[in-house]
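Participant: Residue numbers (this note's numbering): 6 to 352.
Don't be surprised by glycine CBs; every beta carbon is placed ideally from N, CA and C.
I'd like to ask some things about the structure below.
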Amino acid sequence: MRDILQAAKRSGRNRSSPVPHDPAIPGSALLRRPAQLVEVVMSLLVDSLDSDSRLLESRVDILRHAPGRRYIVEVELLLGGGRGDHIERRHIITKLYSSDHGAKVYQTVRELWSHGFASGHLTVPRPLAYEPALKLLVLDWARGESLRSQLLAQRDVSQAMDRAAQWLLKLHSCGVQGGRRYHFSHHLHTLTQWKQSVTEVCPETDPLFVHVLARLKEKALTVPDQELTPTHRDFSPDHLLVNEEKITGLDFDEFCQYDPAFDVAHFVAHVRFLGLKFFGTLVEFDHLADRFQASYKSGAGDYSAARVRFHQAVAYVKLAYIVAMVQRPQAWRRMATTLLQEAQRFM
């Protein structure tokens with residue numbers, strides 16, 4: 006193993022552009038010294054490596070940076086056997102956090118792994134390690150192409166939509182008890198903050214935003230209660246990998262105990278949002294959103310159309326915020342207004 010770590014110090018190429026310094030993320034300094042990051046990762050993987058493995062080459066790529074919150078980084082390792090007659094290429098996903106939230110995510114994925122998501126055609130990535138000093142989460146690489154990419158390529162994803170619904174049904178019924186208990190009051194507080202941010206940069210949306218929030222408050226009093234269950238809370242085509250018949254769910258940073266109807270509504274809204282953003286209309290993928298929803302409904306023991314519609318309104322408000330404050334695509338003002346109008350329609 007010592008040979009591996011010595012090799013790690015000499016290896017570690019970074020194909021990314023210069024890494025922005027993010028003092029809020031303790032482990033970000035490692036991204037400027039990729040060989041050191043590889044060394045840390047290798048030390049965390051020692052129990053899963055053959056005793057005669059040696060590092061031949063490595064590569065580090067930054068996949069995403071959420072300033073002040075986290076980096077998502079791919080680490081590729083080329084490993085050789087002691088006699089050099091066996092070569093293994095291994096891919097690892099690491100997340101560097103600004104807080105101890107990574108420890109909670111690690112625990113969540115471990116619980117999911119032990120509650121039926123370790124094998125079969127509905128899975129999550131294998132949790133490998135968490136390093137608290139660096140706030141570093143290490144996950145195994147999951148093969149596949151994102152459902153989002155397949156949608157935008159306009160492939161036939163009808164069966165993938167059915168399997169996405171099956172994956173979500175499995176999550177909602179898996180029995181994992183971890184994660185915070187989330188309630189609509191938390192959502193309403195966030196929505197109010199988003200309203201202030203959006204209307205500052207897009208004041209023409211203020212009357213519509215005020216009306217939507219008022220209606221959400223009213224509707225919240227009439228929507229039937231639901232027992233809290235394991236909820237992804239950021240479920241979308243971005244966070245599903247499709248590998249033939251296998252579906253792997255990703256990104257459990259928002260995992261909690263909440264109303265499962267929110268995941269259904271959130272996914273449908275995001276499918277329709279892709280149509281708006283890339284094809285100019287919310288209805289581009291309606292047939293696929295409808296298929297997902299019908300597939301989920303057919304397998305759910307307790308399905309409330311009223312709760313799904315309510316949470317769809319919430320999801321469209323969230324997307325209006327993302328468009329106005331995070332993504333800023335072309336015609337973002339028109340898109341934000343369209344999304345708020347859609348939220349109003351579901352009221």
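#1: Mind checking Pro212: buried by the 16 CB within 10 Å criterion, or exposed?
#2: Leaving aside the five residues before and after Thr343 along the sequence, list all residues of the same chain whose C-beta is less than 8 Å from its C-beta, in chain order.
#3: Compute the Euclidean distance between the alpha carbons of Arg312 and Lys175, then round it to the nearest angstrom.
#4: Return the Cβ separation of Gln317 and Val247 in integer angstroms, given the expectation that the two are a contact with Cβ distance under 8 Å.
#5: So for Thr286, helix, strand or coil by DSSP?
#6: So Ala320 and Ala341 are in contact, right, with Cβ under 8 Å, and what is the actual spacing, rounded?
#7: Of all the beta strand (DSSP E) runs that stay within the bounds of the region 190-273, which reach a length of 3 or more residues?
#8: Going by DSSP in three states, Gln11 sits in which element: helix, strand or coil?
#9: Taking the C-alpha atoms as reference points, what is the distance between Thr227 and Tyr263?
#10: Which residues in the same chain have their Cβ closer than 7 Å to the Cβ of Arg7, if we skip the five residues on either side of it in sequence?
#11: If we count Cβ pairs, one from each stretch, closer than 8 Å, do we get three or more for the region 297-310 versus the region 163-182?
#12: Do Leu42 and Leu60 have their C-beta atoms closer together than 8 Å?
#13: Is it right to say Val46 is buried, meaning 16 or more other beta carbons lie within 10 angstroms of its own, or is it exposed?
#14: Go through its chain and collect everything with a Cβ distance to His244's Cβ below 7 Å, but skip five positions before and after it.
#15: On a CA-only basis, which of Leu279, Phe351 and Lys222 is nearest Ala310? Give me that one, please.
#16: Between Cys207 and the rest of its own chain, which residues show a CB-CB distance below 7 Å, the 5 nearest in sequence each way excluded?
#17: Determine the burial state of Glu44: buried for a count of at least 16 other Cβ atoms within 10 Å of its Cβ, exposed for fewer.
#18: Indicate the three-state DSSP secondary structure (helix, strand or coil) for Gly85 in the structure shown.
#19: Which stretch, first to last residue, makes up the alpha helix (DSSP H) that contains Ser375?
#20: Are the CB atoms of Leu279 and Pro242 within a distance shorter than 8 Å?
#21: Would you identify the three-state DSSP class for Asp167, choosing helix, strand or coil?
#22: Just list the residues that DSSP pairs Ser63 with in beta bridges.
#23: Please list, in chain order, all residues of the same chain as Val129 whose beta carbon is under 7 Å from its beta carbon, the five residues on each side excluded.
#24: Inspect the beta-carbon positions of Leu345 and Val217 and report whether they are closer than 8 Å.
#25: Helix, strand or coil: which one does DSSP assign to Leu68?
#26: Excluding sequence positions up to five away, which residues of its chain have a Cβ less than 7 Å from the Cβ of Ala12?
#27: With 16 as the cutoff for other CB atoms within 10 Å, does Phe284 come out buried or exposed?
#28: Between Leu68 and Glu79, what straight-line distance do the alpha-carbon atoms span, to the nearest angstrom?
#29: So for Ser33, helix, strand or coil by DSSP?
#30: Considering only residues of the same chain and omitting the five flanking positions on each side of Ile30, which have a CB-CB separation below 6 Å?
#31: What is the DSSP secondary structure of Tyr308, reduced to helix, strand or coil?
#32: Could you work out which residue in Gln349, Gln332 and Lys251 is closest to Gly125 when comparing CA atoms only?
#33: For Thr204 and Phe214, I'd like the C-alpha separation in whole angstroms.
#34: Please name the residue in Asp145, His106 and Gly180 whose C-alpha comes closest to that of Glu94.
#35: Among Pro137, Phe189, Gln198 and Trp199, which residue has its Cα nearest to the Cα of His106?
#36: What do you get for Arg238, buried or exposed, if any count of 16 or more other CB atoms within 10 angstroms of its CB means buried?
Facilitator: Put simply:
#1: exposed
#2: Once the five neighbours on either side are set aside, the close Cβ partners of Thr343 are Leu281 and Leu287.
#3: 19 Å
#4: Contact doesn't hold; Cβ gap of about 24 Å is too wide.
#5: The answer is coil: DSSP assigns Thr286 none of H, G, I, E or B.
#6: Not really, about 14 Å apart at Cβ, beyond 8 Å.
#7: 234-236, 245-248, 251-254 and 261-263
#8: Because the pLDDT of Gln11 is 45, which lies under 50, any placement of that residue in the model is unreliable, and the number read from its coordinates should be weighed accordingly. Looking at Gln11 - three-state DSSP - the assignment turns out to be helix.
#9: Straight-line Cα distance between these residues: approximately 17 Å.
#10: In this prediction, Arg7 scores a pLDDT of 43, lower than 50, which makes its location untrustworthy; no coordinate-derived value is stated.
#11: yes
#12: no
#13: buried
#14: Gly254, Leu255 and Asp256
#15: Phe351
#16: Ala329, Arg338 and Ala341
#17: buried
#18: strand
#19: Only positions 6 to 352 of the chain appear in the structure, and residue 375 is not among them; the question remains open.
#20: yes
#21: helix
#22: Leu82
#23: Val114, Leu117, Trp118, Phe122, Thr253 and Gly254
#24: yes
#25: strand
#26: Low per-residue confidence applies at Ala12: pLDDT is 45, beneath 50, and the placement is therefore not dependable, though the value from the model is reported in the following sentence. Cβ neighbours of Ala12 beyond the five flanking positions: Arg59 and Leu60.
#27: exposed
#28: If you draw a straight line from the Cα of Leu68 to the Cα of Glu79, it comes to about 7 Å.
#29: helix
#30: Leu101 and Ser103
#31: Per DSSP, reduced to three states, the secondary structure at Tyr308 is coil, with no helix or strand assignment.
#32: Lys251
#33: 8 Å
#34: Sequence check: residue 94 is Arg here, not Glu. Considering only alpha carbons, the answer is Asp145.
#35: Pro137
#36: buried
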